[in-house]
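Read left to right, the sequence shown gives residues 1 to 148 (UniProt numbering). Just so you know, even glycine gets a beta-carbon here, dropped at the ideal spot from N, CA and C. Okay, structure first, notes after.
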Amino acid sequence: MSWYSLHADDLRRPGLQRTSSRSLSCQQSYQTPELGELQRLLWTPVPCRGNVNEVWPNLYIGDLYIARNKEQLRRMGITHIVNAAAGRFHIDTGAKFYRDLPVDYYGVEADDDPKFDLSIYFYPTAKYIRAALNSPRGKVLVHCAMGI
1 MSWYSLHADD LRRPGLQRTS SRSLSCQQSY QTPELGELQR LLWTPVPCRG NVNEVWPNLY
61 IGDLYIARNK EQLRRMGITH IVNAAAGRFH IDTGAKFYRD LPVDYYGVEA DDDPKFDLSI
121 YFYPTAKYIR AALNSPRGKV LVHCAMGI
């Protein structure tokens, strides 16, 4: 895929596998929780579940702590890192920080400001992530300071 050509197909969700009869029976027996139960789940404090979450196969969202934990990145098999808070006065990891790891680095110098236009980075970053996920054993960590 060319870095300079992005089509709607590039951002399309991968095809889903057929649902088995077992999973269909599980879906049919599922009951939606009552409103009170949903509120309890949302408002009950839960212990931290870590600094990184897999949000898509081989695509992880994390914070500055996971981004700086080289040993954990190595264990996870991360091959590409997108820093959405790059820069000298933000999370200054950069390619030099990861030189002892087999990772490719992509930095976005964004400000944590409601007036900052982050949308100009969407397509270039999406192309980078798509190419990374299509590479052999590609695993991508996208991070900022807070992981949100």
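Residue i to residue j, Cα distance in whole Å?
i, j, result
"Pro-102", "Gln-31", "46 Å"
"Ile-66", "Ala-84", "14 Å"
"Gly-77", "Lys-139", "7 Å"
"Tyr-128", "Pro-136", "14 Å"
"Glu-71", "Leu-38", "37 Å"
"Leu-41", "Phe-97", "39 Å"
"Pro-124", "Arg-130", "10 Å"
State the CB to CB distance for the pair residue i and residue j, rounded to an integer number of angstroms; the pair is presumed to be in contact (CB under 8 Å).
i, j, result
"residue 149", "His-143", "Past the edges of the chain, shown from 1 to 148, lies residue 149, and the structure says nothing about it."
"Asp-104", "His-80", "5 Å"
"Ala-86", "Val-108", "6 Å"
"Ala-145", "Ile-91", "6 Å"
Under 7 Å Cβ to Cβ from residue i, same chain only, skipping five residues before and after it: list those, please.
i, result
"Lys-93", "Here residue 93 turns out to be Thr, not Lys, going by the sequence shown. The answer, listed in chain order, is Ala-67, Arg-68, Asn-83."
"Leu-118", "Ala-110"
Could you please give the first and the last residue of the uninterrupted beta strand (DSSP E) stretch that includes residue i?
i, result
"Gly-62", "59-62"
"Tyr-105", "104-107"
Over what stretch of residues does the alpha helix (DSSP H) that includes residue i continue unbroken?
i, result
"Leu-101", "Where Leu-101 is concerned, there is no enclosing alpha helix (DSSP H), given that its DSSP letter is neither H nor E."
"Glu-71", "70-76"
"Leu-41", "35-43"
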